[in-house]
Amino acid sequence: MADDEWTFDSTSGDETLGSALASGADEVAAPQGIGARLGDSIGALVVGLILIPLACAGLFWNEGHAVKVARALDEVGRLVHSVPADRLDPAYNDKLIQVSGPTASAKGVADDALGVKAKGLKLSRNVEMYQWHEKESGSGQDRKFTYSREWSSSAVSSGSFHAPSGHQNPAFTLKSRDFGAADAMVGAVPVGAKAVLLLGGAEDTPVDEAGVATAKKALGRPVQASGGGYYAGESPDSPRVGDMRITYKIVPEGPASFIGRQEPGGLEAYRASNGQEILLGYTGTHSADAVVQMGQDDNRLFTWIIRAVALLFLLVGFVMLFAPVNILASYVPILGSLVGGATFLVALVATLVVGPTVMAIAWFVYRPLLAGGIIAGAVVLALAFRQLRLRRRSPARLAPA
Numbered sequence: 473m474a475d476d477e478w479t480f481d482s483t484s485g486d487e488t489l490g491s492a493l494a495s496g497a498d499e500v501a502a503p504q505g506i507g508a509r510l511g512d513s514i515g516a517l518v519v520g521l522i523l524i525p526l527a528c529a530g531l532f533w534n535e536g537h538a539v540k541v542a543r544a545l546d547e548v549g550r551l552v553h554s555v556p557a558d559r560l561d562p563a564y565n566d567k568l569i570q571v572s573g574p575t576a577s578a579k580g581v582a583d584d585a586l587g588v589k590a591k592g593l594k595l596s597r598n599v600e601m602y603q604w605h606e607k608e609s610g611s612g613q614d615r616k617f618t619y620s621r622e623w624s625s626s627a628v629s630s631g632s633f634h635a636p637s638g639h640q641n642p643a644f645t646l647k648s649r650d651f652g653a654a655d656a657m658v659g660a661v662p663v664g665a666k667a668v669l670l671l672g673g674a675e676d677t678p679v680d681e682a683g684v685a686t687a688k689k690a691l692g693r694p695v696q697a698s699g700g701g702y703y704a705g706e707s708p709d710s711p712r713v714g715d716m717r718i719t720y721k722i723v724p725e726g727p728a729s730f731i732g733r734q735e736p737g738g739l740e741a742y743r744a745s746n747g748q749e750i751l752l753g754y755t756g757t758h759s760a761d762a763v764v765q766m767g768q769d770d771n772r773l774f775t776w777i778i779r780a781v782a783l784l785f786l787l788v789g790f791v792m793l794f795a796p797v798n799i800l801a802s803y804v805p806i807l808g809s810l811v812g813g814a815t816f817l818v819a820l821v822a823t824l825v826v827g828p829t830v831m832a833i834a835w836f837v838y839r840p841l842l843a844g845g846i847i848a849g850a851v852v853l854a855l856a857f858r859q860l861r862l863r864r865r866s867p868a869r870l871a872p873a
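In structure tokens form, the structure reads like this:
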């Protein structure tokens with residue numbers, strides 16, 4: 473068995489659990505009585521009561537945001553000026569422009585803190601830390617917590633662990649970050665860092681051995697080049713909690729298209745009449761109409777992602793409302809699984825009713841004509857369906873002789 477995979481398990485009560493906490497065991501049994509389980513379920517119910525209105529608010533906001541961005545992009549499509557990239561025309565200063573063509577940076581882009589510099593438009597630093605992770609499994613007398621060491625790109629708070637002793641994670645002080653080339657230009661037109669930060673199409677880029685000393689000084693710990701990036705720790709082959717892996721991606725120079733408000737130092741976001749700010753950037757050479765359309769596509773994708781996330785939170789909230797009922801039912805053989813399935817079905821139906829209803833109300837506020845048209849169409853279909861059913865049910869009448 474590996475050194476970091478030994479286990480501890482016990483169901484003998486608080487005294488043994490206390491020793492497990494002190495030893496920093498990788499697997500800790502934590503049996504719960506009915507009182508503790510009911511207490512947790514009431515806490516879950518309270519969280520559900522908070523989560524449901526928050527999810528509804530998120531759905532409502534999302535519909536309004538989608539409309540606001542779509543209308544701002546429509547305005548951009550009407551007002552944007554396509555300018556040539558071979559010269560900078562001061563007449564377009566503070567105006568909405570579209571420019572496309574070969575995009576380059578004379579100075580390149582750098583992460584000065586860690587001594588990394590590359591020729592390109594956008595440099596992305598990705599940081600992972602080797603950390604303790606907690607997983608809860610089982611319930612009642614079979615509940616236990618398992619602790620494993622894994623690489624993660626986000627901080628894991630060990631303060632909230634059930635058994636924090638021996639499983640402490642250090643502070644995640646170095647964050648992932650994007651850097652844009654401040655002198656980026658499309659031909660003779662400066663676009664600047666804000667615009668190039670919007671570009672996709674990043675490629676892996678290795679670090680230079682020359683930057684190791686700078687990274688070591690910045691991080692205050694041993695650093696070596698490994699796997700195309702930096703490894704902050706003693707040995708990549710034997711990682712310890714707190715070790716970091718730092719890798720980079722670069723968006724290379726090449727054709728790109730932008731829409732924004734022209735300023736001498738680069739493009740800034742355009743503020744539409746409804747207050748929404750728009751700044752667009754895509755790799756490749758595209759017309760103004762195509763760039764606006766890609767912005768609309770991104771807006772629709774974002775809207776659907778938020779809808780899905782909000783509906784998931786709504787479902788979780790409704791499930792949490794039934795936590796006390798599920799806990800009580802779990803102590804009755806067979807009944808527990810039946811009640812659990814039934815309450816989940818009720819929560820799912822509630823989600824499918826409440827979620828679309830909230831979105832429909834938002835449409836009435838933000839898209840009254842569209843909402844009215846959809847409802848009118850639904851009413852017509854319902855009446856037609858009802859009439860069809862009545863005709864099928866009515867008995868056939870014989871013609872008089």
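For what it's worth, the working numbering labels the leading residue of the sequence shown as 473, then goes sequentially. Even glycine gets a Cβ: it sits at the ideal position worked out from N, Cα and C. None of the values given here were measured: they were computed from a predicted structure.
Report yes if the C-beta distance between residue i and residue j is below 7 Å; otherwise report no.
i: threonine 686; j: proline 727; result: no
i: alanine 704; j: valine 695; result: yes
i: aspartate 558; j: alanine 660; result: yes
i: tyrosine 564; j: glutamine 734; result: yes
i: leucine 752; j: glycine 767; result: yes
i: asparagine 598; j: threonine 719; result: yes
i: isoleucine 799; j: leucine 551; result: no
i: proline 708; j: tyrosine 602; result: no
i: glycine 530; j: alanine 782; result: yes
i: serine 572; j: serine 729; result: yes
i: asparagine 746; j: alanine 542; result: no
i: valine 684; j: alanine 697; result: yes
i: alanine 834; j: phenylalanine 532; result: yes
i: glutamine 570; j: alanine 762; result: no
DSSP puts residue i in a beta bridge; with which residues?
i: asparagine 598; result: Thr719
i: histidine 553; result: Ile569
i: valine 695; result: Ala704
i: threonine 686; result: DSSP lists no partner for threonine 686.
i: serine 729; result: Ser572, Tyr754
i: leucine 853; result: Leucine 853 is not bridged to any residue.
i: alanine 582; result: Lys589
i: serine 624; result: Met601
Apart from the five residues just before and just after residue i, which ones in its own chain have a Cβ nearer than 8 Å to its Cβ?
i: alanine 674; result: Lys594, Ser596, Lys721, Ile722, Val723
i: arginine 414; result: In the structure displayed, the chain extends from 473 to 873; residue 414 sits before or after that span and is not available.
i: glycine 592; result: Ser577, Gly580, Val581, Ala653, Thr677, Ile722, Val723, Pro724, Glu725
i: alanine 682; result: Gly587
i: alanine 590; result: Gly580, Val581, Ala582, Thr677, Tyr720, Ile722
i: threonine 815; result: Val791, Phe794, Val797, Asn798
i: leucine 671; result: Leu593, Lys594, Val723, Ala728, Gly753, Tyr754, Thr755
Between the options, which lies nearest to residue i when the distance is taken from Cα to Cα?
i: glutamate 499; options: Ala576, Lys607, Asp583; result: Lys607
i: threonine 755; options: Ile514, Ser745, Pro574, Gly610; result: Pro574
i: tyrosine 702; options: Val588, Ala516, Met831; result: Val588
i: tryptophan 623; options: Thr677, Asp715, Lys540; result: Asp715
i: arginine 621; options: Ser609, Arg615, Gly610, His605; result: His605
i: leucine 691; options: Asp512, Val555, Ala585, His553; result: Ala585
i: isoleucine 522; options: Val541, Leu862, Leu786; result: Leu786
i: alanine 780; options: Leu517, Leu862, Leu842, Met831; result: Met831
i: glycine 699; options: His537, Ala682, Arg717, Lys688; result: Arg717
i: isoleucine 777; options: Leu824, Glu535, Pro562; result: Glu535
i: glycine 732; options: Ala665, Lys688, Phe816; result: Ala665
Closer than 7 Å by C-beta to residue i: which residues in its own chain qualify, once you throw out the five before and the five after it? Chain order, please.
i: tryptophan 478; result: With a pLDDT of 27 at tryptophan 478, under the threshold of 50, the modelled position of that residue is not reliable, and no figure is offered here.
i: glycine 496; result: No answer about glycine 496 holds up, because its pLDDT of 42 lies below 50 and its placement is not dependable.
i: isoleucine 514; result: Pro796
i: methionine 473; result: In this prediction, methionine 473 scores a pLDDT of 34, lower than 50, which makes its location untrustworthy; the coordinate-derived value is nonetheless stated afterwards. Here the set comprises nothing.
i: aspartate 583; result: Leu595, Arg597, Phe651
i: valine 539; result: Tyr838, Arg839
i: lysine 647; result: Val599
i: alanine 516; result: Met792, Ala795
i: glycine 827; result: Leu531, Leu783, Leu786
i: glutamine 748; result: Lys540, Val541, Ala544
When the cut-off is 7 Å and only beta carbons count, does residue i lie next to chain B?
i: alanine 627; result: Absent here is chain B; the protein component of the structure consists of one chain.
Among the residues of its own chain, which have a CB less than 6 Å from the CB of residue i, if the five just before and after it don't count?
i: valine 663; result: Ala656, Phe730, Gly738, Leu739
i: phenylalanine 633; result: Glu606, His639
i: proline 642; result: Gly714
request  = Could you tell me whether the stretch 514-527 touches the stretch 736-744, using the rule of 3 or more Cβ pairs below 8 Å?
outcome  = no
query = Counting pairs of beta carbons, one from the stretch 789-801 and one from the stretch 532-551, are three or more of them closer than 8 Å?
reply = no
ask   = Is the stretch 619-634 touching the stretch 576-583, taking contact as three or more C-beta pairs under 8 Å?
value = no
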